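Trainee:
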Amino acid sequence: MNPTTIAYFYLGMAIICEVIGTTFLVKSEQFTRLVPTLIMGVLYVLSFYLLTHTLKTLPLGIAYAMWGGLGIVLTSIIGIIVFKQNLDTPAVVGIAMIVGGVVVMNVLSNSVGH
-14 MNPTTIAYFY
-4 LGMAIICEVI
6 GTTFLVKSEQ
16 FTRLVPTLIM
26 GVLYVLSFYL
36 LTHTLKTLPL
46 GIAYAMWGGL
56 GIVLTSIIGI
66 IVFKQNLDTP
76 AVVGIAMIVG
86 GVVVMNVLSN
96 SVGH
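Using my numbering, the letters of the sequence shown map in sequence onto residues -14 to 99.
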């Protein structure tokens, strides 16, 4: 299998683990609930482990920008759906800019291995 495809798979899994881990961060209630705190910790460690595999192929800046950016977008969506949080117009615009940045990096940048 293509190393870039594998790197993106690892990156996707790292993002998913980070987003679910962040959801459990909220559920941990400032580390006062043991089980959500432990789940959060395991998912964060797994996320960083998977991110290290991504870095075998993708440059650090590109991988981290995608990990952070897509993590922000997905975490915001979970905040809206699961925790019934609201985003105002500037927040939505900011998130759209993050998505735009990730798209520009992947479509136009020669730094990303395609």
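Using N, Cα and C, we set each Cβ at its ideal position, and we do this for glycine too.
These numbers were taken from a predicted model, which means no experiment stands behind them.
Considering only residues of the segment -14 to 38, which uninterrupted alpha helix (DSSP H) runs meet the minimum length of 4 residues and lie entirely inside it, listed in chain order?
Mentor: -12 to 12
Trainee: Tell me which same chain residues have a C-beta within less than 7 Å of the C-beta of Leu72, skipping the five on either side of it?
Mentor: Excluding residues within five positions, the ones whose Cβ falls inside 7 Å are Ser61, Ile65.
Trainee: Note the first and the last residue of the continuous alpha helix (DSSP H) segment covering Thr42.
Mentor: Here Thr42 belongs to no alpha helix (DSSP H), and DSSP marks it neither H nor E.
Trainee: For Asn71, which three-state DSSP category applies?
Mentor: When secondary structure is reduced to three states using DSSP, Asn71 falls in the coil class, being assigned neither helix nor strand.
Trainee: So for Asn95, helix, strand or coil by DSSP?
Mentor: coil
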